[in-house]
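Using this note's numbering, the letters of the sequence shown map in sequence onto residues 0 to 342.
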Amino acid sequence: MGMMKIYTQGLIAVATILSAHLPAIATQGTLPAEQRINGKLVWEAFEPQRQILQKSSAVIYTDGKSHVKTVYGVVVSEQGHVLTKASEIEGETTISIRIDGDLFSDVEVVDRDDQWDVAMLKVKSDRVFTPVVLSENDDVQQGNWVISNGSSSRSLRRVRIGVASAVTREIKSASSGVILGVQLGTEEKKSLEIKKVTPESGADKAGMKPGDVLLSAGDVKLKERADLLKTMKGKKPGDSLQVEVLRGKKKIKLDVELMARPGKPRMSRNDQMSGGENSLSKRRDGFSRVLHHDTPLTKSSVGGPVLTLDGACVGMNIARASRVATFAIPARELREIITRMLK
Numbered sequence: 000m001g002m003m004k005i006y007t008q009g010l011i012a013v014a015t016i017l018s019a020h021l022p023a024i025a026t027q028g029t030l031p032a033e034q035r036i037n038g039k040l041v042w043e044a045f046e047p048q049r050q051i052l053q054k055s056s057a058v059i060y061t062d063g064k065s066h067v068k069t070v071y072g073v074v075v076s077e078q079g080h081v082l083t084k085a086s087e088i089e090g091e092t093t094i095s096i097r098i099d100g101d102l103f104s105d106v107e108v109v110d111r112d113d114q115w116d117v118a119m120l121k122v123k124s125d126r127v128f129t130p131v132v133l134s135e136n137d138d139v140q141q142g143n144w145v146i147s148n149g150s151s152s153r154s155l156r157r158v159r160i161g162v163a164s165a166v167t168r169e170i171k172s173a174s175s176g177v178i179l180g181v182q183l184g185t186e187e188k189k190s191l192e193i194k195k196v197t198p199e200s201g202a203d204k205a206g207m208k209p210g211d212v213l214l215s216a217g218d219v220k221l222k223e224r225a226d227l228l229k230t231m232k233g234k235k236p237g238d239s240l241q242v243e244v245l246r247g248k249k250k251i252k253l254d255v256e257l258m259a260r261p262g263k264p265r266m267s268r269n270d271q272m273s274g275g276e277n278s279l280s281k282r283r284d285g286f287s288r289v290l291h292h293d294t295p296l297t298k299s300s301v302g303g304p305v306l307t308l309d310g311a312c313v314g315m316n317i318a319r320a321s322r323v324a325t326f327a328i329p330a331r332e333l334r335e336i337i338t339r340m341l342k
């Protein structure tokens with residue numbers, strides 16, 4: 000089926016719904032609840048896409064009871080790998096996932112990418128899951144329809160509809176802090192051991208590797224993580240910091256270009272009027288490329304797939320950025336992230 004035919008069918012479906020109720024709209028001055036953007040008639044018009052979300056998106060809970068949704072996720076493998084927004088589950092020890100109507104409580108965090116604010120989860124199950132089908136198109140043109148997860152019950156995913164409303168572009172970080180681009184160990188005795196190096200970061204370009212142990216930064220001998228933070232205080236993105244690492248039995252000195260710390264933007268008055276912290280994502284900037292659309296979501300509705308009318312996944316919702324903007328990782332970058340994190 001051609002793309003133009005699919006788009007036309009979507010337009011006809013919505014137009015049919017609206018035209019059938021125009022007399023009522025004219026009389027009442029407003030749409031009844033079931034006819035609004037999150038109403039039953041709209042859900043029915045996008046039932047094929049809803050079925051894909053039902054099988055290939057995940058609902059993630061961190062409340063210990065699997066009652067209150069924290070965020071959504073994207074099913075990316077038949078083995079039960081789920082990609083989600085990392086900062087929304089950061090520090091949580093009890094994670095459960097619902098895929099389709101089934102709940103899974105045995106879940107492992109297998110990887111994390113701070114640059115994109117994503118975490119890879121793994122459901123421990125023998126079930127064969129249905130991953131999303133990533134689009135081969137690089138970008139979505141402005142004005143095209145996109146479909147995301149809306150509200151969710153224990154058994155059903157529902158849809159929210161929007162359009163691609165701006166060009167795919169970089170969203171720079173509003174934070175003034177800097178980082179090396181590494182993830183350190185969580186155990187106290189291994190707090191300076193590098194567990195992960197962020198791709199394309201200053202640490203990656205300088206040659207730092209997982210397993211390296213930080214010995215010094217600048218002229219400071221490092222005894223704990225706090226020492227490293229002190230050496231970076233006052234520095235700006237692009238500044239260089241010389242570090243010494245222990246790799247096996249060899250000491251190596253490297254010059255690392257510091258990168259901007261992904262941070263939480265300040266709340267403007269408009270942001271506060273739009274729900275503030277209760278509606279907008281903790282991390283909503285510092286992305287090298289995003290698909291920008293106007294689907295009305297909240298911070299707990301991001302993390303899931305973005306679909307076109309033909310059901311292809313063109314991205315993953317990564318941030319509710321403002322009252323009128325939702326950002327998604329485009330399919331091209333999403334494919335690279337998934338491939339790397341599944342290795």
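Virtual Cβ for every residue (Gly too), placed ideally from N, Cα, C.
- Inclusion of GLN48 and ARG156 in the CB contact set at 8 Å is not warranted, their separation being larger than that value.
- Per DSSP, the continuous beta strand (DSSP E) segment holding LYS195 begins and ends at 193-196.
- VAL81 is the residue among VAL81, VAL131, ASP116, ILE88 whose C-alpha sits nearest the C-alpha of SER124.
- Relative to the Cα of LYS232, the nearest Cα in the group ILE251, LYS342, HIS292, ALA259 belongs to ALA259.
- With a minimum length of 3 residues, the unbroken runs of beta strand (DSSP E) contained wholly in the segment 262-334 fall at 286-292, 304-306, 312-321, 324-329.
- Taking a C-beta distance under 8 Å as the contact criterion, LEU245 and VAL255 do not qualify as a contact pair.
- Taken in chain order, the unbroken stretches of beta strand (DSSP E) that lie wholly in the segment 45-78 and span 3 residues or more are 56-60, 68-74.
- Contact annotation: the segment 200-213 touches the segment 178-188, with at least three C-beta pairs closer than 8 Å.
- Here ILE36 is exposed. Its C-beta has fewer than 16 other C-beta atoms within 10 Å.
- Rounded to whole angstroms, ARG97 and VAL58 show a C-alpha spacing of 5 Å.
- The C-alpha of SER151 lies about 49 Å from the C-alpha of LEU253.
- DSSP, read as helix, strand or coil, puts THR83 in strand.
- A residue is called buried once 16 or more other Cβ atoms fall within 10 Å of its Cβ, and LYS39, having fewer, is exposed.
- PRO31 counts as exposed, since fewer than 16 other beta carbons sit within 10 angstroms of its beta carbon.
- Comparing alpha-carbon positions, the option among GLN271, VAL158, ALA311, GLN114 lying closest to SER300 turns out to be VAL158.
- Ranking THR338, GLY79, GLY274, ALA216 by CA distance to the CA of SER104 puts GLY79 first.
- Here LYS68 has VAL58, ILE59, TYR60, SER151, SER299 as same chain residues with Cβ atoms under 8 Å from its own Cβ, once five neighbours each way along the sequence are excluded.
- The beta carbon of ASP116 is closer than 7 Å to those of LYS84, ALA85, SER86, PRO261, ARG282, ILE317 in its chain, skipping five residues each way along the sequence.
- Within the same chain, Cβ atoms closer than 8 Å to the Cβ of ARG168 are found at ARG288, VAL289, HIS291, the five residues on either side in sequence being excluded.
- For ASP110, the uninterrupted beta strand (DSSP E) run begins and ends at 106-112, by DSSP.
- The shortest CA-to-CA distance from GLY149 to any of VAL70, LYS342, LEU308, ALA311 is the one to VAL70.
- Minimum Cα-Cα distance from VAL162 among the listed residues GLY176, LYS171, ILE170, SER147 corresponds to SER147.
- Annotation: ASP99 is outside any beta strand (DSSP E) and is labelled neither H nor E by DSSP.
- DSSP lists VAL162 as the beta-bridge partner residues of TRP144.
- The alpha-carbon separation between GLU199 and LEU341 amounts to approximately 18 Å.
- The residue from GLY201, LYS220, ILE170 with its alpha-carbon nearest to that of LEU191 is LYS220.
- Between the C-alpha atoms of GLU77 and PRO130 there is a straight-line separation of about 6 Å.
- At the C-beta level, SER134 and ALA327 stay beyond 8 Å of one another.
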